[in-house]
Amino acid sequence: MATDTQDCIFCQIVAGKVPCFKIYEDERTLAFADINPVTEGHTLVIPKAHAENLLDITPGDLAAVHQTAQKIARAQLACLKATGVTVVQLSGEGANQVVMHYHVHLIPRDRTKDGLDKFEWESKPGNMRSIERIAGKIKDAL
Ligand SMILES: [Zn+2]
């Protein structure tokens, strides 16, 4: 299900038709402030070329987005009261992707102070047989 780029809010931001708080831009990528910030400095990094999600972004744009994400994360840690960055990428409606243009969230964190717990989950040992079976299923699908 391809999104019509005319209706894509991020494509409109890339085209300058919708304003954003631009943080960084290069030939392939754009980074801008999320206007619904989870923490101070929450930034989105997108490819300029429309791609819906991890399944259809080109390898070159994928690499470029994550290289830009690294630059932004370093800057966030250098200038904000953060001791870490939560990197989130949601691909597909089942993962609660809302804007159907590939984007990476960079959320500056200080786990002891920001009061967030939504990016944490309990780590408990799984069923080894089940883990092995599912890993094999994914491996076979490659
Ligand atoms: Zn788009």
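According to my numbering, the residues represented by the sequence shown are 6 to 147, in order. Positions of the beta carbon are idealized from the N, C-alpha and C atoms, including for glycine.
At a threshold of 8 Å, does residue i count as lining ligand 1 (C-beta to nearest heavy atom)?
i	result
His106	yes
Val19	yes
Cys25	no
Thr88	no
Phe37	no
Thr10	yes
His215	Since the displayed the chain opens at 6 and closes at 147, residue 215 lies outside it and no answer follows.
His55	yes
For the alpha helix (DSSP H) that residue i lies in, which residues bound it at each end?
i	result
Lys142	Met133 to Ala146
Leu82	Pro64 to Cys84
Phe37	Looking at the DSSP string, Phe37 is not in any alpha helix (DSSP H); the run it does join, the beta strand (DSSP E), is Thr34 to Ala38.
Val109	No alpha helix (DSSP H) contains Val109, which is instead part of the beta strand (DSSP E) from Val109 to Arg114.
Nearest to residue i by CA position, among the options, is which residue?
i	options	result
Lys118	Glu45, Glu32 and Thr10	Glu45
Lys53	Pro24, Leu82, Gln94 and Ile18	Ile18
Ala80	Ser128, Glu32, Ala36 and Ile136	Ala36
In terms of residue numbering, what span does the beta strand (DSSP E) encompassing residue i cover?
i	result
Val93	Gly89 to Val93
Val50	Thr48 to Pro52
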